Amino acid sequence: MLIASLKPRTMGGTTNTGLLAYALARAGHPVTCYDADESLQLAAWARDAGDFPCEVHEADTPAFAEVVYPEMNHDRINVVDAGHAENHPDIVDSILEVVDLVLLTLSPTNPDYERLTKPERGTPLAKVIKRSAALRESGQPPTTNVLLNRCQ
Ligand SMILES: Nc1ncnc2c1ncn2[C@@H]1O[C@H](COP(=O)(O)OP(=O)(O)O)[C@@H](O)[C@H]1O
Ligand SMILES: [Mg+2]
């Protein structure tokens, strides 16, 4: 399966991706990570941690669905960390074509909630997720859970 960590902008997404992958691997699940953020912070974290229990592959490409996804071992739990959806909509669109489950990290503030639902500029991430249905095999958008994070 493929789990994607998404967020409109910086929200603690990479931290959540790393901790989720770490917890799943330590619980005995086969986990592989993909870093689809060009800042490659998950890859750097895994390298610097020394004991990070999963491989992290660089995957910051808008051809994620066509190039990265078909090469995955789908019997494993694959976890992809995406960059800021506001800045890299092409990569996020491609991930949304093939992902099974979205974990969307959001700081529980009104301005950040509005980035998801009603930004001053650009397409709301909630709408980006809904319209991905048109390109998905199921014809449905992926199941999406919002994780409120960085509470003040
Ligand atoms: N739950 C949290 N509470 C406080 N700070 C956090 C939390 N999660 C992440 N951070 C901090 O927020 C900053 C951005 O986190 P990061 O995971 O890199 O975000 P993103 O990948 O969404 O840009 C980092 O300094 C990180 O340590
Ligand atoms: Mg990040």
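Going by the numbering used here, the first residue of the sequence shown is number 2, and it counts up by one from there. For every residue, glycine included, the Cβ atom is placed at its ideal position computed from N, Cα and C. Owing to the predicted nature of the structure, the values given are computational and were not obtained by experimental measurement.
Coarse secondary structure for residue i, derived from DSSP in three states
| i | result |
| --- | --- |
| Ala60 | coil |
| Leu25 | helix |
| Asp36 | strand |
| Asn17 | helix |
| Ser133 | helix |
| Leu43 | helix |
Closest by C-alpha distance to residue i, when choosing among the options
| i | options | result |
| --- | --- | --- |
| Gln153 | Pro142, Asp113, Asn146, Thr145 | Asp113 |
| Ala5 | Val100, Thr124, Thr118 | Val100 |
| Ala26 | Ala44, Glu39, Arg10, Asp52 | Asp52 |
*For the segment 126-139 against the segment 91-110, are there 3 or more C-beta pairs whose distance is under 8 angstroms?*
With the cut-off at 8 angstroms, the segment 126-139 and the segment 91-110 touch.
*Does the segment 8-25 touch the segment 73-82, meaning 3 or more C-beta pairs lie closer than 8 angstroms?*
yes
*In chain order, which continuous runs of the beta strand (DSSP E) of length 3 or greater are located wholly inside the segment 60-89?*
78-83
*Mind listing, in chain order, the continuous beta strand (DSSP E) runs of no fewer than 3 residues lying wholly within the segment 88-126?*
Segments of the beta strand (DSSP E) lying fully in the segment 88-126: 102-107.
*asked:* Three or more C-beta pairs under 8 angstroms: does that hold for the segment 120-131 against the segment 32-40?
replied: Because the criterion of three Cβ pairs below 8 angstroms is not met, the segment 120-131 and the segment 32-40 do not touch.
_Chain-ordered list of residues that sit, by beta carbon, closer than 6 angstroms to a heavy atom of ligand 2_ = Spelled out in chain order, the answer is Gly14, Thr15, Asp38, Gln42.
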